[in-house]
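Residue numbers (our numbering): 613 to 889.
A virtual CB, placed ideally from N, CA and C, is assigned to each residue, including glycine.
Each remark here refers to the structure printed beneath this line.
As structure tokens, then:
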């Protein structure tokens, strides 16, 4: 345990001597905390590759009151830095806000929101915009939404009440009981679409059944039974066609009569399974 500046300096020197990225980073952080400007800059200059490297140096200059140099480093990092750039974008957007440069601030905030677009970043950006500003940026957001089928985009579509577009995202992949859509919020999204698009959601659930006519381990049968329960829910509770369910489930049962583990797992989950003919 380091109890004095001398102890910390000795530790930094030991870490620096290892001459590897992680120990050198730790040494650099110690020198910065100790206020050893020369040593910090010496080590910092040895590795200026990623956006985070430029962000670290920019905050160093800002902390010592050299705002001009901090902005210069950040702008250079936006041009040369690799990897994630969100730290630099936020740094520059904060400075733009301080300077009253609303246009630059919004442009950088849009880049922050759209680089890893999610419902959270979507709402954060929308909330900082005026009605007029949002009307200018919204088409760009919608254009991004048309390019991916990610879960985050699905949530945005649902919030925007663009249900057909949300369904299209959903149907680009098959359903699996263990998939992301079994998380509470995603499952809730699917449930919201059930009554609007019952046949499509039924098809979506059925896509998760896999091959019902092959030997498998009991665990897989249990998983299939869980999906089958969703199929039953759609046919009986939503579409309200119990005959359709009886015919469908009866055939599945008949096709698997020689698989006792299959029958047991389906019987555990599905009410009336044993009575099916």
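Strand pairing of residue i, partner residues [DSSP]
i: residue 662; result: 694
Of the listed residues the options, nearest to residue i (C-alpha basis)
i: residue 741; options: 730, 757, 758, 720; result: 720
i: residue 841; options: 702, 823, 818; result: 818
i: residue 775; options: 636, 879, 806, 868; result: 806
i: residue 759; options: 745, 659, 748, 778; result: 778
i: residue 849; options: 814, 680, 888; result: 814
i: residue 703; options: 735, 691, 715, 668; result: 668
i: residue 901; options: 826, 664, 659; result: Within the shown structure, residues of the chain are numbered from 613 to 889, placing residue 901 beyond reach of any answer.
i: residue 745; options: 762, 718, 766; result: 718
i: residue 773; options: 763, 804, 886, 881; result: 804
i: residue 835; options: 732, 881, 768; result: 881
i: residue 664; options: 648, 692, 619, 855; result: 692
i: residue 764; options: 735, 635, 750, 870; result: 735
i: residue 829; options: 616, 808, 874, 636; result: 874
i: residue 739; options: 722, 614, 810; result: 722
i: residue 811; options: 634, 837, 856, 870; result: 856
i: residue 633; options: 616, 660, 615, 617; result: 660
i: residue 676; options: 737, 648, 614; result: 648
i: residue 885; options: 837, 851, 658, 614; result: 837
Burial state of residue i (16 or more Cβ within 10 Å)
i: residue 859; result: exposed
i: residue 705; result: buried
i: residue 728; result: exposed
i: residue 792; result: Interpretation of residue 792 is limited by its pLDDT of 45, a score under 50 that renders its predicted location unreliable; the figure taken from the coordinates is listed afterwards. Residue 792 should be labelled exposed.
i: residue 630; result: exposed
i: residue 794; result: Only weak support is given to the placement of residue 794: the predicted model assigns it a pLDDT of 45, under 50, and the value that follows is read from those uncertain coordinates. Looking at its Cβ environment, which holds fewer than 16 other Cβ atoms inside 10 Å, residue 794 is exposed.
i: residue 628; result: buried
i: residue 607; result: Given that the chain is displayed from residue 613 to residue 889, the structure contains no residue 607 and the question cannot be resolved.
i: residue 714; result: exposed
i: residue 883; result: exposed
i: residue 748; result: exposed
i: residue 800; result: exposed
i: residue 650; result: exposed
i: residue 626; result: exposed
i: residue 619; result: exposed
i: residue 868; result: buried
i: residue 769; result: buried
i: residue 870; result: exposed
i: residue 733; result: buried
i: residue 636; result: buried
i: residue 843; result: buried
i: residue 790; result: Since pLDDT at residue 790 reaches only 44, below the 50 mark, its modelled position is unreliable, and no value is offered.
Within 8 Å, strictly: CB atoms of residue i and residue j
i: residue 877; j: residue 833; result: yes
i: residue 689; j: residue 674; result: no
i: residue 686; j: residue 708; result: no
i: residue 655; j: residue 640; result: yes
i: residue 683; j: residue 662; result: no
i: residue 679; j: residue 646; result: no
i: residue 782; j: residue 802; result: yes
i: residue 766; j: residue 726; result: no
i: residue 861; j: residue 821; result: no
i: residue 890; j: residue 643; result: The requested residue 890 is not part of the displayed model; the chain covers only 613 to 889.
Inter-residue CB distance, residue i and residue j (contact presumed, cutoff 8 Å)
i: residue 724; j: residue 771; result: About 19 Å; that fails the 8 Å criterion.
i: residue 787; j: residue 864; result: That belief does not hold up - the Cβ atoms of residue 787 and residue 864 are roughly 17 Å apart, past 8 Å.
Min CB distance residue i to chain B below 8 Å
i: residue 713; result: Of the chains in the structure shown, none is chain B; there is only one protein chain.
The ligand MG heavy atom lying under 7 Å from the CB of residue i
i: residue 618; result: Of the ligands one can find in the structure shown there are none, so the ligand MG has no counterpart to examine.
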